[in-house]
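Peer 1: So our numbering is basically just the index in the sequence shown, starting at one, shifted up by 61. For glycine and all other residues, C-beta sits at the position ideal for the given N, C-alpha and C.
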Amino acid sequence: LKRVGPKGAGAFEPISWGEALDRVHDGLSRAVAEHGPQTVLPFNYAGPHGELAGGSMDRRFFHKLGASLLARGQLCAAVRGAAYESLYGSAAGMPPEQMRHSDLIIVWGNNVTVSNLHLAREIKAARDANGARLVIVDPKRTRIAEQADLFIQIRPGTDVILALALASELEQRGAHDLPFIERWVSGADAYMAEARKHTPGQVAEVCGIDRKAFDTFVSWYAAASTVGVSVGNGIERGHSGGSGIRAILALQALTGNHGRLGAGVFVKPGNAFPRTSARLQRPELVPDGTRTVNIVDVSRVLLDDTMAPPVKALFIYNHNPVATHPDQNRMRRALSQEDLFVVGCDVVMTDSMAYCDVVLPAASHFEFSDIYGSYGQNYLQRAEPVIPPVGESLPNTEIFRRLAARFGFDDPIFRESDAELMDAAFIDNDPRLGGYRPSVFPLGEARAMTTTSGAEPILCDSVTPGAASGRIELFSQDLQDRFGYGLPRFEPVERAYPLTIISPSSSRRTNATFGGCQDSSGPEQVEINPIDAAARSIASGDTLRVYNERGEVHLTAQVTDAVLPGVLYTPKGMWLASSTTGQTVNALLNADIRTDIEDGACCNEVFCEVSRVQ
């Protein structure tokens with residue numbers, strides 16, 4: 062498609078693939094001729110999470126072009142990954158199946174029944190077989206929280222205080238495993254000096270957790286013999302999120318909850334995959350001195366003509382930034398610039414595609430071959446298409462092959478087939494692949510990435526912590542050098558509005574995917590505590606104006622004590638047409654508030670006010 066109306070209006074005319082490739086070539090080439098190759102920015106996230114669709118021929122193309130690099134993880138997962146790796150290095154975390162051996166399961170900041178269903182089965186198995194206790198820590202009383210033995214309802218962004226206070230209280234009760242610490246942990250003395258500053262009184266005052274619930278949590282933790290902890294992405298979406306995750310993980314090290322089945326942390330099991338990303342993506346093609354742009358900064362960067370060079374050509378694929386990025390209105394202003402050449406590639410006409418000059422039809426994951434290192438598990442699977450490509454759609458790999466040819470990139474690596482790309486994605490002689498090359502890995506088989514010897518992956522047993530010391534590191538010299546956070550700590554964020562709104566996943570959408578479907582077409586609900594509702598004369602069913610200085614969205618009130626006073630909840634991923642204001646909750650998010658480590662987005666540090674729409 063080519064744009065024929067104003068950006069954002071969604072007015073397009075069909076064109077042929079040949080004309081589309083010519084237009085992309087001409088638009089990118091004009092920008093490069095005027096400003097140099099770094100004026101081009103790829104703007105993508107994970108898409109269907111396949112190794113080929115998510116980062117293969119596309120990366121080769123942009124690397125060869127000399128485009129600016131994009132740091133993608135700061136929008137989601139980089140903070141959790143860095144926090145985990147600061148303790149454990151590159152070692153893989155516990156697979157979810159091992160949690161069925163736990164006698165205490167702690168799910169912290171993870172809405173299991175909406176976004177982590179494969180863990181729900183293992184929790185049920187542990188409770189049925191072992192009588193395992195279930196503790197949920199979350200700002201919202203989720204469905205799984207209603208099934209918990211103990212629900213700790215915490216104020217958003219204060220997790221690090223609770224975790225540090227738990228470490229201190231567990232030490233006072235003699236629940237630290239001193240032999241384990243001596244053998245496997247470094248930095249414990251410095252860590253505990255920080256942890257001892259945090260008290261149950263502070264937990265009550267700052268986190269909103271009463272002393273009885275805190276004491277029960279401590280007692281159960283101290284009494285359990287095999288604790289499994291799941292840490293979700295919710296925690297990283299606050300300013301102190303990296304510290305919060307590190308402090309939660311440290312509890313497992315201090316109490317010796319590693320080294321046996323059911324004891325560990327369900328984070329980063331995907332580290333077990335024998336990926337060879339450099340062979341797949343070819344970073345050696347990147348010219349020396351190429352800059353990297355933080356994905357959270359893209360809207361600001363697009364509006365900044367003082368950058369040298371400015372970004373004047375953007376290629377959006379595997380992503381719907383208008384629906385998913387903080388500061389939605391700034392993103393829309395950035396994409397609306399007439400002197401910005403925007404190429405889009407997607408399965409459907411999303412809110413973001415409406416701003417593109419050229420739209421290329423992408424095939425869905427049902428329509429092409431790919432190989433998948435499972436998300437949140439440790440199983441390798443290969444998939445073949447189950448339907449032919451719809452209309453003129455093409456897989457990402459073929460789109461970028463054609464673009465490479467149009468740009469005259471004649472190196473054989475730009476002509477490699479999908480099968481050759483699969484074989485480049487993993488170590489093909491890894492014994493866990495059973496002698497198969499990735500491209501011929503048996504369909505219908507899901508193979509667990511155990512240790513290379515075939516043993517069950519158990520940290521501090523069959524798996525050694527991946528830090529250089531070979532230990533679990535509670536003080537991180539790397540995070541100290543890069544961000545000034547050698548140890549976790551809490552830092553409050555200044556606020557100009559009385560309410561905090563959080564926007565986790567929806568059961569009706571996968572992030573913003575399906576946001577344009579009928580089930581997501583009307584106003585989304587917002588949950589508000591009865592105390593806050595009464596103070597504003599709000600009743601369930603009222604249309605609410607939820608606003609701050611960045612934007613305004615209209616949502617339908619649901620008055621409930623599932624959220625704490627001062628906290629609002631609405632699911633993320635809606636599209637612009639869902640609100641009469643033409644905005645979603647992402648319009649309220651501040652893109653300039655960042656996490657303590659990795660400079661990530663703070664999607665839960667969002668302050669606002671609400672009133673009834675008259």
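Determine the DSSP secondary structure at Asn-379, reduced to helix, strand or coil.
Peer 2: Here residue 379 refers to the residue found at position 318 of the sequence shown. Note: Asn-379 maps to coil in three-state DSSP.
Peer 1: Hey, how far is the Cα of Leu-649 from the Cα of Gly-612?
Peer 2: Residue 649 sits at position 588 when you count from the first residue of the sequence shown. Residue 612 sits at position 551 when you count from the first residue of the sequence shown. One C-alpha to the other measures close to 5 Å.
Peer 1: Taking the Cβ atom as the reference point for each residue, do Phe-122 and Leu-464 lie within a distance shorter than 7 Å?
Peer 2: Looking up residue 122 in the sequence shown gives position 61. Looking up residue 464 in the sequence shown gives position 403. Taking 7 Å as the Cβ cut-off, Phe-122 and Leu-464 qualify as a contacting pair.
Peer 1: Just confirm the distance between the C-beta atoms of Ser-304 and Asp-542, as a whole number of angstroms; I'd bet it's less than 8 Å.
Peer 2: For the purposes of this step, residue 304 is identified with residue 243 of the sequence shown, where counting begins at 1. For the purposes of this step, residue 542 is identified with residue 481 of the sequence shown, where counting begins at 1. No, Ser-304 and Asp-542 are not in contact; Cβ-Cβ is about 16 Å, not under 8 Å.
Peer 1: For the segment 148-160 and the segment 177-190, state whether three or more C-beta atom pairs, one from each stretch, are separated by less than 8 Å.
Peer 2: Yes, they touch.
Peer 1: Could you give the distance in angstroms between the alpha-carbon of Pro-103 and the alpha-carbon of Gly-317?
Peer 2: Your numbering for residue 103 matches position 42 in the sequence shown. Your numbering for residue 317 matches position 256 in the sequence shown. Approximately 44 Å between the Cα atoms of the pair.
Peer 1: Hey, which unbroken runs of the alpha helix (DSSP H) at 4 residues or more fall wholly within the segment 512-592?
Peer 2: Listed in chain order, they are 538-544.
Peer 1: On the three-state DSSP scale, how would you describe Asn-191?
Peer 2: Within the sequence shown, numbered from 1, the residue matching residue 191 stands at position 130. Helix at Asn-191.
Peer 1: Measure the alpha-carbon distance for Cys-137 versus Gly-293 and round it to whole angstroms.
Peer 2: In the sequence shown, residue 137 corresponds to position 76, counting from 1. In the sequence shown, residue 293 corresponds to position 232, counting from 1. Their backbone Cα atoms lie some 11 Å apart in a straight line.
Peer 1: With DSSP as the reference, label Trp-636 as helix, strand or coil.
Peer 2: Position 575 of the sequence shown holds residue 636. Residue state, collapsed to three classes: coil.
Peer 1: Please confirm whether Ile-533 and Leu-231 have their CB atoms less than 7 Å apart.
Peer 2: If you number the sequence shown from 1, residue 533 lands on position 472. If you number the sequence shown from 1, residue 231 lands on position 170. No, the pair does not count as a contact, with Cβ atoms beyond the cut-off.
Peer 1: Pick helix, strand or coil for Ser-247, following the three-state DSSP scheme.
Peer 2: The residue you call residue 247 lines up with position 186 of the sequence shown. Three-state DSSP puts Ser-247 in a strand.
Peer 1: Our contact map puts Val-419 next to Arg-84 with C-beta atoms below 8 Å; I'd like the distance itself, whole angstroms only.
Peer 2: Here the question's residue 419 lines up with position 358 in the sequence shown. Here the question's residue 84 lines up with position 23 in the sequence shown. That pair is a contact at about 5 Å.
Peer 1: Around the C-beta of Ser-582, are 16 or more other C-beta atoms found within 10 angstroms, so that it is buried, or is it exposed?
Peer 2: Sequence index remark: in the sequence shown, residue 582 carries index 521 (1-based). It counts as exposed.
Peer 1: State the DSSP-derived secondary structure class of Tyr-433, mapped to helix, strand or coil.
Peer 2: Here residue 433 refers to the residue found at position 372 when the sequence shown is read from its first residue. Correct three-state label for Tyr-433: strand.
Peer 1: Could you tell me the alpha carbon to alpha carbon distance between Met-253 and Ser-247, rounded to whole angstroms?
Peer 2: In the sequence shown, the residue the question calls residue 253 occupies position 192. In the sequence shown, the residue the question calls residue 247 occupies position 186. Straight-line Cα distance between these residues: approximately 11 Å.
Peer 1: Would you kindly check if the distance between the Cβ of Gly-545 and the Cβ of Gln-342 is under 7 Å?
Peer 2: For this step, residue 342 is matched to residue 281 along the sequence shown. For this step, residue 545 is matched to residue 484 along the sequence shown. Not a contact, by the Cβ cut-off of 7 Å.
Peer 1: Residues in its own chain within less than 6 Å of Lys-125 by CB, not counting five upstream and five downstream?
Peer 2: Taking the first residue of the sequence shown as position 1, residue 125 is located at position 64. Correct list, in chain order: Leu-346 and Phe-470.
Peer 1: Could you name each continuous beta strand (DSSP E) segment of 3 residues or more that falls completely within the segment 104-154, going from the start of the chain to the end?
Peer 2: Runs of the beta strand (DSSP E) inside the segment 104-154: 130-132.
Peer 1: Taking only the alpha-carbon atoms, compute the straight-line gap between Ala-557 and Ala-236 and give it to the nearest angstrom.
Peer 2: Sequence index remark: in the sequence shown, residue 557 carries index 496 (1-based). Sequence index remark: in the sequence shown, residue 236 carries index 175 (1-based). Taking the straight line from one Cα to the other gives about 41 Å.
Peer 1: With Phe-470 as the anchor, note down where its alpha helix (DSSP H) starts and where it stops.
Peer 2: In the sequence shown, residue 470 corresponds to position 409, counting from 1. Careful: Phe-470 lies outside any alpha helix (DSSP H) and carries neither H nor E.
Peer 1: Ignoring anything shorter than 3 residues, give me the beta strand (DSSP E) runs that lie fully in the segment 329-399, in order along the chain.
Peer 2: Counting only runs of 3 or more, we get 353-355 and 374-378.
Peer 1: Can you check whether the C-beta of Asp-418 is within less than 7 Å of a C-beta belonging to chain D?
Peer 2: Of the chains in the structure shown, none is chain D; there is only one protein chain.
Peer 1: Do three or more CB pairs link the segment 210-227 to the segment 266-274 at distances below 8 Å?
Peer 2: The answer is yes - the segment 266-274 touches the segment 210-227, with three or more Cβ pairs under 8 Å.
Peer 1: Give the single residue among Ala-480, Thr-174, Ile-222 and Ala-251 whose Cα lies nearest to the Cα of Gly-269.
Peer 2: Taking the first residue of the sequence shown as position 1, residue 269 is located at position 208. The candidate whose alpha carbon is nearest that of Gly-269 is Ile-222.
Peer 1: Taking the alpha carbon of Pro-549 as the point to measure from, which residue in Asn-609, Leu-535, Pro-200 and Met-510 has its own alpha carbon closest?
Peer 2: Here residue 549 is taken as the residue at index 488 of the sequence shown, counted from 1. The residue with the shortest Cα to Cα distance from Pro-549 is Leu-535.
Peer 1: From Phe-278 to Asp-220, what does the alpha carbon distance come to, in whole angstroms?
Peer 2: On the sequence shown, residue 278 is found 217 positions in, with the first residue counted as 1. On the sequence shown, residue 220 is found 159 positions in, with the first residue counted as 1. Each residue's alpha carbon lies about 14 Å from the other.
Peer 1: Look at the Cβ atom of Ala-384, then the Cβ atom of Ala-638, and state whether they are nearer than 7 Å.
Peer 2: By one-based count along the sequence shown, residue 384 stands at place 323. By one-based count along the sequence shown, residue 638 stands at place 577. Result no, Cβ atoms of Ala-384 and Ala-638 do not sit closer than 7 Å.
Peer 1: Take Ala-528 and list the residues in its own chain whose beta-carbon comes closer than 6 Å to its own, dropping the five residues that flank it on each side.
Peer 2: Here residue 528 refers to the residue found at position 467 of the sequence shown. Result list for Ala-528: Gly-150 and Glu-534, in chain order.
Peer 1: Would you grab the beta carbon distance between Asp-164 and Ser-286 for me? Rounded to a whole angstrom, and I think it's under 8 Å.
Peer 2: On the sequence shown, residue 164 is found 103 positions in, with the first residue counted as 1. On the sequence shown, residue 286 is found 225 positions in, with the first residue counted as 1. 6 Å between Cβ atoms; contact.
Peer 1: What do you reckon, are the CB atoms on Asn-379 and Ser-291 nearer than 7 Å?
Peer 2: What you label residue 379 is simply residue 318 of the sequence shown in a count that begins at 1. What you label residue 291 is simply residue 230 of the sequence shown in a count that begins at 1. Cβ atoms of Asn-379 and Ser-291: not closer than 7 Å.
Peer 1: At the level of alpha carbons, what is the spacing between His-86 and Leu-131?
Peer 2: As a working note, residue 86 is residue 25 in the sequence shown. As a working note, residue 131 is residue 70 in the sequence shown. If you take the alpha carbons of His-86 and Leu-131, they lie about 21 Å apart.
Peer 1: What's the gap between the Cα of Val-65 and the Cα of Thr-367?
Peer 2: Residue numbering aside, residue 65 sits at position 4 when the sequence shown is read from its first letter. Residue numbering aside, residue 367 sits at position 306 when the sequence shown is read from its first letter. In a straight line, the C-alpha of Val-65 is about 29 Å away from that of Thr-367.
Peer 1: To the nearest angstrom, how far is it from the Cα of Arg-597 to the Cα of Arg-673?
Peer 2: Stepping through the sequence shown from its first residue, residue 597 is reached at position 536. Stepping through the sequence shown from its first residue, residue 673 is reached at position 612. If I take the Cα positions, the gap works out to 8 Å.
Peer 1: If distances are taken between C-alpha atoms only, which option among Ala-226, Cys-578, Val-524 and Arg-391 comes closest to Ser-514?
Peer 2: Translated into the one-based positions of the sequence shown, residue 514 becomes position 453. Closest by alpha carbon: Val-524.
Peer 1: Tell me the residue span of the alpha helix (DSSP H) that contains Ile-309.
Peer 2: Against the sequence shown, residue 309 aligns to sequence position 248. Element bounds for Ile-309: 302-315.
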